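**Q**
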Amino acid sequence: MSRNSGRSNRLRRRPSRTVPALIVGSLLLAAAVALVWLAIARLIDGTWSALLQGPRDWLTALTWNSPAMWGIGITAVVVGLTLLLCAIIPGGFIALTVRNTARDSTGGEPQVKERETVMTRRAVAHLAKALCEQVDGVSSAAATATDKRVHLSVKTTLRDTGELRTRVTESVRDRLNATGLDPVPRVTTTVQFKG
Amino acid sequence: MKQTAGTLNRTWLTVLGILLLAAGIALLLQAAGVLPTRANTAPAGDKVVPGDLYPYFGVSWVVVLLMVIGLIVGVLGLMWLIAQIPRKNTADTYRLSDGAQGRTTCDPSVLAKAVENQVNNLPGVVTSSALLRGTATEPNLTLKVTVTDTADVQDLLRQLETSTLPNLSTALESPLQESRLQIDVSSRNQNTGTVVRSTGTVIQ
Chain A
0 MSRNSGRSNR LRRRPSRTVP ALIVGSLLLA AAVALVWLAI ARLIDGTWSA LLQGPRDWLT
60 ALTWNSPAMW GIGITAVVVG LTLLLCAIIP GGFIALTVRN TARDSTGGEP QVKERETVMT
120 RRAVAHLAKA LCEQVDGVSS AAATATDKRV HLSVKTTLRD TGELRTRVTE SVRDRLNATG
180 LDPVPRVTTT VQFKG
Chain B
0 MKQTAGTLNR TWLTVLGILL LAAGIALLLQ AAGVLPTRAN TAPAGDKVVP GDLYPYFGVS
60 WVVVLLMVIG LIVGVLGLMW LIAQIPRKNT ADTYRLSDGA QGRTTCDPSV LAKAVENQVN
120 NLPGVVTSSA LLRGTATEPN LTLKVTVTDT ADVQDLLRQL ETSTLPNLST ALESPLQESR
180 LQIDVSSRNQ NTGTVVRSTG TVIQ
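Taken in order, these protein sequences are the chains called A and B.
Residue numbers are given in numbering that gives the first Met the number 0: position 116 of the first sequence equals residue 115, and the series is strictly consecutive.
Residue numbers are given in numbering that gives the first Met the number 0: position 128 of the second sequence equals residue 127, and the series is strictly consecutive.
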């Protein structure tokens, strides 16, 4: 979809591959600037820059089966595969879908033709952490979230950590379900005794 | 909220990846001596550049060609880098009606501000940001709402569905084509406090 089509991109999308694009784009631009600068210098001075003397000598002494050519070939294959993997591997969704039950109960003429409601992974982690800290016995908590899983790291002064883990996991899962996450991510908890 | 160049990035990364992979494999086959026997290329023990480079790169048109190639690659690289900047791509001025009696236009940012003001007053909302795209007859709303960690999200959705979206749709006299809502969670408290519904008599 064009960015100027007037339509909005889906909020629940895969990563945009901005980092590899920035790296490759910068390298292409740098190589192009160098090429143009060398070509202009050649047209003005009538001779190629002395900077090219070293690469030229190296290139004219090179044979097809030399170790340097093997190195260049292997590097090209590795970089090419890396770029392909960057493009092909989809990556996790950056947001989780939220079930919108309100739209079914409003009735009447539909005010909206297409809906999408999401919660970012960071928001889910923040919510899970806040919910976790409300559970009795939890001293402190940290949470990480992917599009399929929420992991809680809890610190407690209680010696019986097994019962607390169950309570925390169930409490957070129930609340994420009530929030409307669809599907509800798998909640896992590790409890650490803080002596 | 903002739009990124995901499709463009994937396309260019795929194209460059395939080109580099093909060049690397061809180079390795040449170095291994497979290509010389199969495709009758130069033997693997030969020099990569036979003789001097000057006859090739001393000619003016080759220099100009290199410069043009450099310019094309440079412009493409620069455009690719610029495309990484996230864009809002907000709608142009909405033309609500255009007839013999006159023309009614509306700046989408005014409507977006009205939506934000309404959403900010809903219980549990810390802040919100609305963006309108599309046209007056096919409007698209993208809304980012930051709520407190104690907010009832389903209740918020209900209020958006029963008041905010119908109000916007009524103002535009057209149903929304798309409504995209992103919910964020903050530990901050609501700035506007809790909404208190009041009753009374207006004295004029």
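Glycine is no exception: its CB is placed at the ideal position from the N, C-alpha and C atoms.
What you are looking at is a predicted structure, and each value in this text was computed from that prediction instead of being measured.
Give the C-beta separation of Thr168/A and Val186/A to the nearest angstrom, bearing in mind that I take them to be a contact with Cβ-Cβ under 8 Å.
**A** By 1-based counting over the first sequence, the position of residue 168/A is 169. By 1-based counting over the first sequence, the position of residue 186/A is 187. At roughly 5 Å, the Cβ-Cβ gap stays under 8 Å, so Thr168/A and Val186/A are in contact.
**Q** Quick one: measure Cβ to Cβ for Ala127/A and Leu151/A, integer angstroms, because I've assumed they're closer than 8 Å.
**A** The residue you call residue 127/A lines up with position 128 of the first sequence. The residue you call residue 151/A lines up with position 152 of the first sequence. Indeed they touch by this definition, with Cβ atoms about 6 Å apart.
**Q** Report yes if the C-beta distance between Asn99/A and Gly179/A is below 9 Å; otherwise report no.
**A** By one-based count along the first sequence, residue 99/A stands at place 100. By one-based count along the first sequence, residue 179/A stands at place 180. Taking 9 Å as the cut-off, the Cβ atoms of Asn99/A and Gly179/A count as close.
**Q** Going by DSSP in three states, Leu121/B sits in which element: helix, strand or coil?
**A** For this step, residue 121/B is matched to residue 122 along the second sequence. Leu121/B: coil per DSSP, three-state reduction.
**Q** Among the candidates Gly79/A, Ala38/A, Ala142/A, whose CA atom is the shortest distance from the CA of Ser59/B?
**A** The count along the second sequence starts at 1 and reaches residue 59/B at position 60. For the residues Gly79/A, Ala38/A, Ala142/A, the minimum Cα distance to Ser59/B belongs to Ala38/A.
**Q** Given this structure, state the Cα-to-Cα distance separating Ile84/B from Ala113/B, to the nearest angstrom.
**A** Taking the first residue of the second sequence as position 1, residue 84/B is located at position 85. Taking the first residue of the second sequence as position 1, residue 113/B is located at position 114. Going by the C-alpha atoms only, they are around 27 Å apart.
**Q** Quick one, are the C-beta atoms of Val117/A and Val184/B less than 9 Å apart?
**A** For this step, residue 117/A is matched to residue 118 along the first sequence. For this step, residue 184/B is matched to residue 185 along the second sequence. Taking 9 Å as the Cβ cut-off, Val117/A and Val184/B do not qualify as a contacting pair.
**Q** For Glu177/B, count neighbouring C-beta atoms within 10 Å of its own C-beta (all shown protein chains included) and say buried if the count is 16 or more, exposed if not.
**A** Here residue 177/B is taken as the residue at index 178 of the second sequence, counted from 1. Classification of Glu177/B: buried, given that the 10 Å Cβ count is 16 or more.
**Q** For Lys147/A, return the contacting residues in chain B, with the cut-off set at a CB-CB distance below 9 Å.
**A** Taking the first sequence and counting its residues from 1, one reaches residue 147/A at position 148. Within chain B, no residue comes near Lys147/A; the closest Cβ sits about 18 Å away, beyond 9 Å.
**Q** Rounded to a whole number of angstroms, what is the C-alpha to C-alpha distance between Leu50/A and Arg9/B?
**A** As a first step, residue 50/A is located in the first sequence; it is residue number 51 there, counting from the start. As a first step, residue 9/B is located in the second sequence; it is residue number 10 there, counting from the start. Looking at the two C-alpha atoms, the distance is approximately 35 Å.
**Q** Can you check whether the C-beta of Ser15/A is within less than 9 Å of a C-beta belonging to chain B?
**A** In the first sequence, residue 15/A corresponds to position 16, counting from 1. Yes, contact with chain B.
**Q** Taking all protein chains shown into account, do 16 or more other C-beta atoms lie within 10 angstroms of the C-beta of Ser15/A, making it buried, or fewer, making it exposed?
**A** Translated into the one-based positions of the first sequence, residue 15/A becomes position 16. Counting Cβ neighbours within 10 Å, Ser15/A comes out buried, since at least 16 surround it.
**Q** In this structure, what does DSSP give as the bridge partners for Thr103/B?
**A** Working through the second sequence from its first residue, we reach residue 103/B at position 104. In the DSSP output, where bridge partners are listed per residue, Thr103/B has Ser96/B.
**Q** Given that a residue counts as buried once 16 or more other Cβ atoms are within 10 Å of its Cβ, and exposed if not, what is Thr92/B?
**A** The residue labelled residue 92/B in the question sits at position 93 within the second sequence. Thr92/B should be labelled exposed.
**Q** Report the rounded CA-to-CA distance for Gln100/B versus Leu110/B, giving the unit in angstroms.
**A** By 1-based counting over the second sequence, the position of residue 100/B is 101. By 1-based counting over the second sequence, the position of residue 110/B is 111. Spanning the two alpha carbons is a distance of roughly 23 Å.
**Q** For the stretch 74–100 of chain A, enumerate the residues whose C-beta is nearer than 9 Å to any C-beta of chain B, in chain order.
**A** Thr74, Ala75, Val76, Val77, Val78, Gly79, Leu80, Thr81, Leu82, Leu83, Leu84, Cys85, Ala86, Ile87, Ala94, Val97, Arg98, Asn99, Thr100
**Q** Can you find the residues in the same chain that come closer than 7 Å, C-beta to C-beta, to Thr156/A, ignoring five residues on each side of it along the sequence?
**A** Within the first sequence, numbered from 1, the residue matching residue 156/A stands at position 157. The answer, listed in chain order, is Ser138, Lys193.
**Q** Taking three-plus beta-carbon pairs below 8 Å as touching, is the stretch 62–81 of chain A in contact with the stretch 129–144 of chain B?
**A** no
**Q** So does the stretch 43–54 of chain B actually touch the stretch 90–99 of chain A, counting three or more Cβ pairs closer than 8 Å?
**A** Cβ pair count under 8 Å is below three, so no.
**Q** Would you tell me roughly how many angstroms separate the C-alpha atoms of Val32/A and Leu58/A, rounded to the nearest one?
**A** Indexing the first sequence from 1 puts residue 32/A at position 33. Indexing the first sequence from 1 puts residue 58/A at position 59. In a straight line, the C-alpha of Val32/A is about 22 Å away from that of Leu58/A.
**Q** Looking at Thr143/A and Val134/A, is the spacing between their C-beta atoms short of 9 Å?
**A** For the purposes of this step, residue 134/A is taken as residue 135 along the first sequence, with counting starting at 1. For the purposes of this step, residue 143/A is taken as residue 144 along the first sequence, with counting starting at 1. Taking 9 Å as the Cβ cut-off, Val134/A and Thr143/A do not qualify as a contacting pair.
**Q** Decide if Gln2/B is buried, meaning its Cβ has at least 16 other Cβ atoms within 10 Å, or exposed.
**A** Within the second sequence, residue 2/B is the residue found at index 3, counting from 1. That one is buried.
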